[in-house]
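Colleague: Following this note's numbering, the numbering of the sequence shown begins with 42 at its first residue and continues without gaps. C-beta: ideal position from N, C-alpha, C; glycine also.
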Amino acid sequence: MAKKSEQLLLGLSMRRIVLGSFIFTSTLLETRRNVSEYYTACSVVGKLL
42 MAKKSEQLLL GLSMRRIVLG SFIFTSTLLE TRRNVSEYYT ACSVVGKLL
């Protein structure tokens, strides 16, 4: 019983890692496409801080 829930937990965390890296990669690609917009946003945020 404990073994099964352990495997389920492992599967969930693996899925989370895969999903996270996918989101990170797509965000990175989006950022590279819109680099100037990204830097503009960063400078605006920097001024606000």
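Suppose you measure from the CA of L89 to the CA of F63; what does that come to, to the nearest Å?
Modeller: On the sequence shown, position 48 is the one that residue 89 refers to. On the sequence shown, position 22 is the one that residue 63 refers to. In a straight line, the C-alpha of L89 is about 30 Å away from that of F63.
Colleague: Taking just the CA atoms, how far does L69 sit from V85?
Modeller: If you number the sequence shown from 1, residue 85 lands on position 44. If you number the sequence shown from 1, residue 69 lands on position 28. Cα to Cα, V85 sits roughly 20 Å from L69.
Colleague: Can you grab the Cα-Cα spacing for the pair I58 / A82, in whole Å?
Modeller: Translated into positions along the sequence shown, residue 58 becomes position 17. Translated into positions along the sequence shown, residue 82 becomes position 41. Roughly 28 Å separates the two Cα atoms.
Colleague: Distance check for K44 and L53, CA to CA, integer angstroms please.
Modeller: In the sequence shown, the residue the question calls residue 53 occupies position 12. In the sequence shown, the residue the question calls residue 44 occupies position 3. Answer to the nearest angstrom: the Cα atoms are 14 Å apart.
Colleague: Could you give the first and the last residue of the continuous alpha helix (DSSP H) run that contains L49?
Modeller: Locating residue 49 in the sequence shown gives position 8, where the first residue counts as 1. 43-74 is the extent of the alpha helix (DSSP H) around L49.
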